[in-house]
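Quick note on UniProt numbering: the sequence shown kicks off at 1 and runs consecutively. To keep things clear, I will list the structure first and then write my remarks on it.
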Amino acid sequence: MLFAAGCAVAPTEPDPLRLSKQYFADNNTAAAQGPHAQQEFFRRTQHPDFAGQACDLGATTVELDPALSTLRPDPGFAPDGIRPRGEIWIIGVEVTTRSDGSTTGHQIGSQHLVLVDDRMYGFAPCPTG
């Protein structure tokens, strides 16, 4: 009797999904470390075409829980009429804001991410009102 042994190669995740997961994991790690770490995360991951448009969140941290099954292309996205370079994606997220350890906000919305040179970038949140 002859047996063939082999290892099945697990399918790899598409880059946008894999990099989106990493983006949100890194965001939440930074949020857990506090406002300074999260501000640095937002500075580091701000889309390069919008690098000068980050906001100071003060003592606020932003935890993001993505609905990964909603990740889809959004090539028409153009904040302030400017289309960011790269592959544009949109995803549903549950957002929880905290200040000094207390929850200050909770909502469901969407977030844009942009894949540029094998790296996922976002757009730092800016509170209004």
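Cβ coordinates follow ideal geometry from the N, Cα and C atoms, glycine included.
Enclosing beta strand (DSSP E) for residue i [first to last residue]
i	result
Glu87	Glu87 to Ser99
Arg72	Thr60 to Pro73
Thr103	Ser102 to Val116
Arg83	Note, Arg83: premise wrong, no beta strand (DSSP E); not H, not E.
Through-space distance from residue j to residue i, alpha-carbon basis
i	j	result
Asp56	Asp117	27 Å
Ala25	Ala59	20 Å
Asp49	Arg119	14 Å
Ile82	Ala51	13 Å
Cys126	Thr12	35 Å
Within-7 Å CB hit, residue i to chain C
i	result
Lys21	The chain labelled as chain C is not found in the depicted structure, where only one protein chain is given.
Residues of its chain near residue i, where Cβ-Cβ distance is below 7 Å and the 5 sequence neighbours each way are ignored
i	result
Ala54	Phe42, Arg43, Gln46 and Ala124
Ala31	Gln38, Thr61, Val62 and Glu63
Asn27	Phe41 and Leu64
Gln107	Val95
Own chain, CB closer than 6 Å to residue i, minus 5 neighbours either side, in chain order
i	result
Leu115	Pro16, Gly86 and Glu87
Gly105	Thr97
Delimiting residues of the alpha helix (DSSP H) encompassing residue i
i	result
Ala31	Asp15 to Gln33
Among the options, the one whose alpha carbon lies nearest that of residue i
i	options	result
Asp74	Pro35, Glu13 and Gly92	Gly92
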